[in-house]
Amino acid sequence: MHTLAERFVLTDALSQNQPDARSSPSSSRTVKTFRGTLARLGIGGIEDLLFELPLRYEDETRLVPIGALVGGQTGMIQATIELTDVRYAPRRQLVCRVSDGTGFLNLRFFHFQSSQREALQRGNLIRAFGTRREGQLGPEFIHPRYQVFRTEPLPPLRDRLTPVYTKRKGMGSRRFARLVETALAFLRKGELELIDRIPRELTDNWTQSTLLDALENIHQPPPEASTEQLSEWLTPFRQRLALEELLAHALSLRKIRSEWIAARSYPLTIELSELDHFIASLPWPLTSAQFRVWQEIARDLERPIPMLRLLQGDVGSGKTVLAALTAFVTVRNQGQAAVMAPTELLVNQHARTFHEWLSPHGVPVRSLHARLTRKGRREVLQELASGLPCVVLGTQSLFQGDVEFPKLMSIIIDEQHRFGVEQRLHLSDKGPQRPHQLIMTATPIPRTLAMSLYAGLDQSRIDELPPGRIPVTTVALPEIRRAELVTRLRSLCQSGQQVFWVCPRVEDTEGSNGRAVETAFGELRAACPDLRLGMIHGRMESTDRQRIIEDFQCSRLDILVATTIIEVGVDIPRANVMVIDGAERLGLLQLHQLRGRIGRGTQGGQCLLIYGPLSPEARARLDILRKTTDGFVIAERDLEIRGPGEVWGTRQSGGLAFRIADLFRDRELLARIPNAVQLLEVAYPESVEPLIHRWLGANLRYGQA
Ligand code: ADP
Ligand code: MG
């Protein structure tokens, strides 16, 4: 008897040094066609296809009686059409009322064609997949996916859960799912092959799953894995892939490190009296955590090998000053320091802070922001190219195209939590010698896990908040108390407070909760004509956005209505109240990041969460947020309460860029990584590159751009 694993000889279809799959001429032609299709769609190959994992699943394998569907629940109903009508309420819309004997439901469409209206005829049967909301006319699905049937019997339901993939240009999730299905079928028949890169000694004692098993079950879970048990069912398969992914990350960091430190750097001289003078000029004394971390950084800077250090610290812990100290020392050594931030907003904010702190000491601060005129930009580029010792700030565009830094001695990367570290490390290969590199992140990862994951990096941690912080109080309010909240805010603003009003929703869809930014802005303006309101969102010109932020910063606005664009890093200590409008839509870590924008001054901040109908998980999320402000506690609890549908989690909750691994759920796995790395490097060095490529290939290519 062959075991499952042995029947599939797993050979990597991508790597050149492997013999190609030998198969019958007819089938190889289909495989060839398939490869051609992938190429045409811009998918690099079978690995690029199969390692793009579903975001979540939808269960179309069973029907839910309408009467059993609770608010917020998603499911497939089967019912008879009772009435279809075009209404104007106030927008033109198609409303189709259906019932299945246990209850009725309205299907509402804002975009529809007349053929659609005709098909939705009274008496026809319909299957519709959607999420139940409470509308003005009763329970409803908005824009559900549906199929109409004129006669019975109806076709059988699907026999696998439906995977949902990230939308790509020109290709919907369904199309992608069909490609994956085809690839898996070829693998099963042995017409395509994929090497299992994980040595037996690593998998044997903890999982029975082979690579192909894992991929099949992750892409197409059988209905036994009903959505309630999905998470549990998928565990062995998920772990099988998570091990690979974590291993690939760790291996790539090790590789980057060994290449990095093989080069020389600039040993910087630190003049203590100058430095003390600079530190004394800051608006506050350093906390002891900041001081300890600075000493760790300073030791690296003085050495002739390039620093490669990760600085972790919760939101508001005071990481910026360490970037400033690093920059100060660099410029004092006649070098250039580049500070990279993920958004234009942050670049401008840092530019202001750095200016304030560094200019009085004769350290030039430049920034390559979007508002620069062509001429202004050229001037900055010329200064940089001439080797002017200075600090320069920018987004990732700093390391693209026309920017030259002949004296680049240090690179500081801020707010790394949205990207993989590897990506950034690859950006910095400029200059004759290697610059020092400091990466700052607010992702709360427990220390032990960080040690395994970032094995290639030296690590520092700020584990103390600046003194005098009073924790933010957080209050959750149901939708119906909105008016009361607005009245309260109005009096707060009249007494001089400033308020962030954050709207996670991008657009208004009638009948659902939480306001989109423009709607909220309009309502507030009508309700508070005496207050000064501003609004920012991602579709605005960056110059307009910046002007409004500045107005808010200088207290020329009372309320700033914004999308989650302000999530990352924005520091306006005077704004001490935050409303999150439709808080149930956000993940815990994202809520934590947002809330981190307030409570930075010395007065207690207030965070007010407006919520619509809550699923049990959403209720738990808001509850945790009310009880703690500690990022580590929040990350732990986040893991515990994730709903069964949210299989991957981290990606959605603003964590690191993993496809399947979850640093909290997979912590036991993570603990095995150091040994696994060693085993691979020593006994299977030929697998190192292919594994990195399989999981990080696209990212690294992007990074080198
Ligand atoms: P992070 O980037 O880690 O989220 P910031 O560097 O933006 O945090 O600092 C958060 C706030 O705390 C800022 O308003 C900053 O001025 C203030 N701050 C930083 N360090 C100290 C300190 N040692 N004492 C008092 N306030 C500080
Ligand atoms: Mg910051």
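Residue numbers (our numbering): 31 to 735.
C-beta atoms are modelled at their ideal positions from N, C-alpha and C, and glycine is treated no differently.
Owing to the predicted nature of the structure, the values given are computational and were not obtained by experimental measurement.
Rounded distance between the beta-carbons of residue j and residue i, thought under 8 Å
i	j	result
residue 528	residue 605	4 Å
residue 151	residue 111	6 Å
residue 130	residue 98	Going by Cβ atoms, the distance from residue 130 to residue 98 rounds to 10 Å, so no, they are not a contact pair.
residue 721	residue 213	Contact flag wrong, Cβ pair sits at about 19 Å.
residue 91	residue 253	4 Å
residue 159	residue 169	Not a contact, Cβ separation roughly 15 Å.
residue 244	residue 283	Residue 244 to residue 283, Cβ: 24 Å. No contact.
residue 533	residue 546	6 Å
residue 362	residue 326	About 19 Å separates the two Cβ atoms, so there is no contact after all.
residue 375	residue 579	6 Å
For residue i, the three-state DSSP class (helix, strand or coil)
i	result
residue 663	helix
residue 15	Examination of residue 15 is not possible in this model, given that the chain is present from 31 through 735 alone.
residue 566	strand
residue 488	strand
residue 726	helix
residue 481	helix
residue 94	coil
residue 115	strand
residue 221	coil
residue 260	helix
residue 154	coil
residue 101	coil
residue 702	helix
residue 338	strand
residue 166	coil
residue 409	helix
residue 86	strand
residue 468	strand
residue 253	coil
residue 81	coil
residue 548	helix
residue 214	helix
residue 67	helix
residue 73	coil
residue 713	helix
residue 500	coil
residue 430	coil
residue 61	helix
residue 123	strand
residue 707	helix
residue 600	coil
Of the listed residues the options, nearest to residue i (C-alpha basis)
i	options	result
residue 261	620, 274 and 247	247
residue 318	659, 347, 290 and 304	347
residue 662	532, 472 and 202	472
residue 494	531, 660 and 75	660
residue 482	697, 561 and 313	697
residue 719	228, 169, 592 and 692	228
residue 287	510, 485 and 612	485
residue 554	194, 531 and 575	531
residue 117	575, 134, 603 and 140	140
residue 119	138, 106 and 102	138
residue 312	383, 576, 588 and 73	383
residue 412	436, 393, 475 and 425	436
residue 177	72, 155 and 74	155
residue 392	308, 584, 439 and 378	308
residue 329	708, 468 and 572	468
residue 517	582, 556, 69 and 613	556
residue 642	198, 300, 443 and 510	510
residue 559	520, 574 and 596	520
residue 504	422, 639 and 340	639
residue 70	123, 144, 200 and 194	200
residue 269	712, 702 and 565	702
Item to check | Length-filtered (4 minimum) alpha helix (DSSP H) runs lying within the segment 610-637 | outcome: 618-625
Item to check | Length-filtered (4 minimum) alpha helix (DSSP H) runs lying within the segment 506-541 | outcome: 512-524
Item to check | Segments assigned alpha helix (DSSP H), at least 4 residues, entirely inside the segment 343-395 | outcome: 350-362 and 374-388
Checklist entry - In chain order, which continuous runs of the alpha helix (DSSP H) of length 4 or greater are located wholly inside the segment 264-325? => result 302-311
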